[in-house]
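In this note's numbering, each residue carries its 1-based index in the first sequence increased by 6.
The structure appears below as structure tokens.
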Amino acid sequence: MADQNDQLHAMRHSLAHITATAIQHLWPETKFGVGPVVENGFYYDVDLGETKLSEDDFTKIETEMQKIIASDLPFERFEKPIDEAIAWAQEAKQPYKEELLNDLKRAGTTVANDLNADELGTIADGDAQVENVSFYKDGDFTDLCRGPHVVSTGKVGAFKLQRVSGAYWRGKIENAQMQRIYGLAFASPKELRVHLDMLEEAKKRDHRKLGQELDLFVFSDMVGSGLPMFTPRGTVLRDELAAFSNELRQRYDFQKVWTPHITKKDLYEASGHWAKFGDELFLVKSQETSDELVMKPMNCPHHTRIYESQPRSYRDLPVRYLETTTDYRDEKTGELGGLNRVRALTQDDSHVFCRHDQIETEINNLLECANELYGTVDMKLRVRLSYRDDTDAYLGSPELWQSAQEQLKNAVIANNLDYFEQTGEAAFYGPKIDFMATDAIGREHQVATVQLDFVQPERFGLEYVGEDGGKQQPVMIHCALLGSIERFLSVYIEHTAGKFPVWVAPEQIRLISVNQEDVTVNFANEVRAKAKKLGLRLEVDNSNESVGKKIRAAELSKVPYTVVIGEKEITSGEVIPRIRKDIAVQSEDRAVRIEEFLKTIANEAKSRVQKTSLHG
RNA sequence: GCCGGCAUAGCUCAGUGGCCAGAGCGGCUGUUUUGUAAACAGCGGGUCGUGGGUUCGACUCCCUCUGCCGGCUCCA
């Protein structure tokens with residue numbers, strides 16, 4: 007297994023070199039960056055000067071690559087002393103390679119704090135003193151590279167160039183922007199095919215597509231970029247999910263609060279947000295006083311104001327606030343996308359103010375909430391422990407950070423969560439436990455988050471009176487379970503492919519009248535009225551269409567239950583509900599009393615079950 | 001914000017500088033009174049995203065803006 011992975015890795019990495027070889031053949035002046043292996047394939051960063059690659063060039067490049075593959079040229083490894091390697095880079099007019107080699111000589115690694123592990127892997131192991139640098143040569147293309155590679159260019163499996171995009175040299179915005187060519191690569195054409203089919207399937211469940219097809223949310227050019235509006239159906243999703251999230255924390259005595267959407271910037275100067283995110287805040291002007299206010303980008307500073315509005319005793323703690331509210335962030339246009347990244351985002355936000363000895367319990371409670379929520383929506387999440395790095399992007403003393411990070415890690419271990427650690431992902435005021443969900447095409451997004459914060463209590467001078475009568479500083483624990491409801495929905499819609507369980511489904515039951523005669527339509531409307539009393543969401547389709555066509559429409563709307571109403575139902579008082587496949591425990595159709603059917607569905611919705619018990 | 005791509009009817013999409021821009025679905029009207037994934041017929045529906053330019057002539061070529069898509073950067 008490990009051997010297979012190593013082999014696939016070598017194939018992908020070799021394909022990166024072959025891509026570069028082909029590009030060098032086609033554009034001899036190309037300056038090369040790095041070309042690492044990534045999930046499902048590889049990329050290579052290139053600088054073609056004035057020439058801009060587009061996907062139209064892929065056929066040409068792929069044809070050239072196929073030639074190189076067909077020639078089955080050996081990958082030859084050789085080493086040079088570091089100074090000779092630098093001379094080689096100068097000779098070959100490869101400034102990016104030269105820069106990497108100079109770093110390698112100076113620091114013993116190309117990482118130099120800013121290249122990721124994959125990129126590091128392309129050149130050296132990154133440890134110890136570097137004397138010699140290894141090179142790989144295939145035909146007329148030579149690249150400095152740690153390897154390993156496959157023995158020859160003919161042994162690379164199946165590939166397909168995927169896309170081209172911009173990428174800053176070494177990931178730094180102030181550096182030149184290169185062109186990054188991504189390729190997919192697998193051991194066999196069949197595996198490549200499987201992956202391409204998977205991507206096709208994923209497109210069908212793209213939340214933007216489903217959002218339109220299922221009539222969940224809309225955008226308007228007149229409203230603007232990153233500002234989704236939710237239709238009646240989409241609003242049901244938002245409300246049901248938010249209600250669940252709130253209910254979970256209200257079990258742990260969180261109290262709802264409400265704060266305004268605009269504030270003086272003084273609040274964020276105090277919290278530190280103004281310094282860090284000042285250029286991403288929307289500003290609002292008063293026309294009377296010309297005072298400038300800001301749209302709130304988050305809620306913790308507001309909540310500190312409520313906390314400090316009265317003296318607190320150690321007996322009062324923890325104080326727990328909960329607020330589902332919309333925040334506004336002036337995100338860069340290029341960063342917006344669907345519901346995943348928006349300018350008006352709704353957080354199911356909460357803040358605990360507690361004593362140090364209460365941190366563990368409070369975090370455990372929140373992790374329990376997160377587990378229950380994600381268990382109920384049937385999503386398996388990876389947990390990321392987000393730590394600070396050693397830049398100066400963070401506030402607070404290193405000792406406090408160290409302690410906070412350890413406490414979060416202990417909580418994650420104690421709760422048996424599947425976690426990984428990552429530096430540089432913390433908030434500026436504290437480390438985080440981030441729950442990561444995966445979208446239809448495999449991109450990971452942060453949803454739930456639990457954050458430990460010693461910094462804002464300090465900056466806001468929060469305090470409580472301790473047992474000994476002295477002033478103490480509380481700790482803040484930030485938590486959003488859904489995260490941003492919009493982002494959560496972007497993932498959840500793709501996770502469910504729009505087949506929402508009954509408790510969140512915008513329309514739970516569709517009643518279809520067999521004809522348009524009064525008896526039929528009236529009966530359907532009576533059933534609807536009874537169901538509404540039970541809190542169910544349902545519609546009657548009495549349009550002048552065939553039953554088959556109306557069934558089809560209900561199927562396409564992904565309504566969990568469809569019930570045909572005709573003479574049989576009217577006389578027997580029983581229905582045979584058509585149950586969406588994914589929620590049916592059995593496929594057998596069985597008649598049930600209408601009242602019983604409605605009551606069962608209402609109970610299932612209330613208890614948020616995934617599967618129907620109708621046939622159970 | 002940066003790099004690349006895209007924008008034709010409500011939706012999905014045809015239309016490679018030359019008559020008045022098309023199809024399917026949806027919508028509306030009529031016929032039909034329908035039994036578990038598409039009845040039949042007819043009718044509407046468009047400043048070809050916006051503004052400018054090139055040209056005898058632009059949906060088609062060039063530029064601006066707006067919006068969307070894929071990355072990069074960022075994500076309190």
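Ideal Cβ placement from N, Cα and C applies to all residues, glycine included.
Only a predicted model underlies this, so the values are computations on that prediction, with no experimental measurement involved.
Which class does residue i belong to by DSSP, given the choice of helix, strand or coil?
i: H308; result: helix
i: F225; result: coil
i: L423; result: coil
i: I571; result: strand
i: S356; result: strand
i: N181; result: coil
i: I515; result: strand
i: S277; result: helix
i: D62; result: helix
i: S231; result: coil
i: E412; result: helix
i: D9; result: helix
i: A433; result: strand
i: E68; result: helix
i: E500; result: helix
i: L106; result: helix
i: I447; result: coil
i: D297; result: coil
i: T397; result: coil
i: R318; result: coil
i: Q625; result: For the chain, the structure presents residues 7 to 622; residue 625 sits outside this window and is missing.
i: M17; result: helix
i: N531; result: helix
If you follow the beta strand (DSSP E) that residue i is in, where does it begin and where does it stop?
i: T455; result: E450 to D459
i: C485; result: V481 to S490
i: G284; result: That residue, G284, is in no beta strand (DSSP E); it is neither H nor E in DSSP.
i: L54; result: L54 -> no beta strand (DSSP E), and no H or E assigned at all.
i: T331; result: V325 to Y334
i: E545; result: L544 to D547
With a cut-off of 8 Å on the beta carbons, I'd call residue i and residue j a contact; round off their distance for me.
i: V497; j: D445; result: 5 Å
i: A432; j: E366; result: About 20 Å; that fails the 8 Å criterion.
i: S458; j: Q413; result: Correcting the residue identity first, residue 458 is Leu in this sequence and not Ser. So it is a contact: roughly 6 Å between Cβ atoms.
i: C306; j: H484; result: 6 Å
Are the Cβ atoms of residue i and residue j separated by less than 8 Å?
i: T269; j: V224; result: no
i: E91; j: V40; result: Looking at the sequence shown, residue 91 is not Glu but Ala. No; because the gap between Cβ atoms is not below 8 Å, this pair is not in contact.
i: Y400; j: R186; result: no
i: G436; j: V461; result: yes
i: R586; j: K555; result: no
i: S20; j: F81; result: yes
i: L54; j: T65; result: no
i: D395; j: T352; result: no
i: T568; j: V591; result: no
i: L345; j: L495; result: yes
i: A350; j: F441; result: no
i: F141; j: F84; result: yes
i: T159; j: L79; result: yes
i: D285; j: E500; result: no
i: Y425; j: Q411; result: no
i: I88; j: A28; result: no
i: Y706; j: H309; result: Residue 706 is absent from the model: the chain starts at 7 and stops at 622.
Closest by CA to residue i, which one among the options?
i: D221; options: P195, M235 and G572; result: M235
i: T57; options: T332, W33 and A93; result: W33
i: V157; options: Q408, E378, L14 and S403; result: L14
i: F283; options: N370, I24, M204 and K271; result: K271
i: S552; options: R257, H155 and V570; result: V570
i: S549; options: A560, L542, G541 and R543; result: A560
i: V325; options: L423, Q30, A22 and E368; result: E368
i: D595; options: I582, K605, F603 and E602; result: I582
i: R347; options: L289, D333, T397 and F603; result: D333
i: R318; options: V263, D424, G467 and S277; result: G467
i: H357; options: E464, V481 and E246; result: V481
Specify, as a first and last residue, the run of the alpha helix (DSSP H) that residue i falls within.
i: G217; result: H213 to E219
i: L247; result: P238 to Q256
i: I92; result: I88 to E97
i: N609; result: I600 to K612
i: M204; result: P195 to K210
i: Y2; result: With the chain running from 7 to 622 in the structure shown, residue 2 is simply not present.
i: L597; result: Note that residue 597 corresponds to Ala in the displayed sequence, not to Leu. Counting along the chain, A597 falls outside any alpha helix (DSSP H), and DSSP gives it neither H nor E.
Is it the case that the CB of residue i approaches a heavy atom of the ligand GTP more closely than 7 Å?
i: M301; result: No copy of the ligand GTP appears in this structure; indeed no ligand is present at all.
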